[in-house]
Amino acid sequence: MASHETNPSPATSFKKKKRYSKKRKAIEVTVDASFHGAAAPVVGYFPTGYDPLAAAEPPRARLFCHEKHHNRVELVVGAPGGGPDFVGRSYAGEAAAPQLCGYALGVLDKATGTLKIVPISSNKILRLEPHFEVQQPAHSQQSAAEAGSSVADTELNRQDLTQAYGTKKDKDKR
Numbered sequence: 001m002a003s004h005e006t007n008p009s010p011a012t013s014f015k016k017k018k019r020y021s022k023k024r025k026a027i028e029v030t031v032d033a034s035f036h037g038a039a040a041p042v043v044g045y046f047p048t049g050y051d052p053l054a055a056a057e058p059p060r061a062r063l064f065c066h067e068k069h070h071n072r073v074e075l076v077v078g079a080p081g082g083g084p085d086f087v088g089r090s091y092a093g094e095a096a097a098p099q100l101c102g103y104a105l106g107v108l109d110k111a112t113g114t115l116k117i118v119p120i121s122s123n124k125i126l127r128l129e130p131h132f133e134v135q136q137p138a139h140s141q142q143s144a145a146e147a148g149s150s151v152a153d154t155e156l157n158r159q160d161l162t163q164a165y166g167t168k169k170d171k172d173k174r
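Numbered per UniProt numbering, the sequence shown spans residues 1 to 174.
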């Protein structure tokens with residue numbers, strides 16, 4: 001009879017996993033009530049990977065509101081030392097889609113154990129995309145006389161189209 005020795009193979013040996021404690025810590029949660037009835041904060045994010053805090057000086061940030069449409073907001077963040085401006089609009093792109101949920105911004109202070117929550121309007125989360133200033137060449141800029149002649153050309157083109165494709169009533173108006 002052959003003796004059978006059992007050799008522990010690596011497949012049968014189990015490695016013990018380190019267990020982490022799941023102790024819950026109590027924190028104090030405060031909802032900032034100072035924003036009730038006031039404008040909610042605007043949140044902008046950079047999808048391009050631009051880090052505004054990498055520069056020595058902080059970026060210039062300006063917020064514009066439309067005169068006629070007060071719900072249209074535009075956030076412009078300028079890179080320090082030149083470079084492209086980052087523009088986020090609340091009326092174009094993904095912000096124009098209806099938002100059916102609400103958002104809140106929370107800041108946790110680990111030292112004091114407090115969580116401060118501020119509500120954010122859903123149309124105030126803006127995607128900041130780079131906007132390069134494009135200057136038109138001198139030959140493409142029109143003078144006032146050329147602009148007047150282009151209006152006359154437009155009217156002639158409209159009359160030609162009316163004669164070719166218009167109704168009998170529109171042709172007789174001429």
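Using N, Cα and C, we set each Cβ at its ideal position, and we do this for glycine too. Just so we're clear, the structure is a prediction, and the values are computed from it rather than from any experiment.
Distance CB(residue i)-CB(residue j) smaller than 8 Å
i	j	result
Q99	N71	no
L57	P84	Correcting the residue identity first, residue 57 is Glu in this sequence and not Leu. Cβ distance not < 8 Å, so E57 and P84 don't count as in contact.
L128	L75	yes
A97	I125	no
T114	T30	yes
D32	K110	no
H131	V87	yes
I120	A55	no
Buried versus exposed call for residue i [16 or more other C-beta atoms within 10 Å across all chains shown]
i	result
S90	buried
G102	exposed
V107	exposed
V77	buried
V151	exposed
Three-state secondary structure (DSSP) of residue i
i	result
A104	strand
A144	In this prediction, A144 scores a pLDDT of 48, lower than 50, which makes its location untrustworthy; the coordinate-derived value is nonetheless stated afterwards. DSSP places A144 in helix when its eight states are reduced to three.
Y91	coil
E74	strand
R127	strand
D85	strand
E155	helix
K68	coil
D51	coil
T162	helix
Counterpart residues of residue i in DSSP-defined beta bridges
i	result
K116	T30, V107
A61	V77
F46	BP columns for F46 are empty, so no partner.
Inter-residue spacing [alpha-carbon to alpha-carbon] between residue i and residue j
i	j	result
P59	G82	10 Å
Y165	N157	12 Å
V42	P52	16 Å
T154	K68	30 Å
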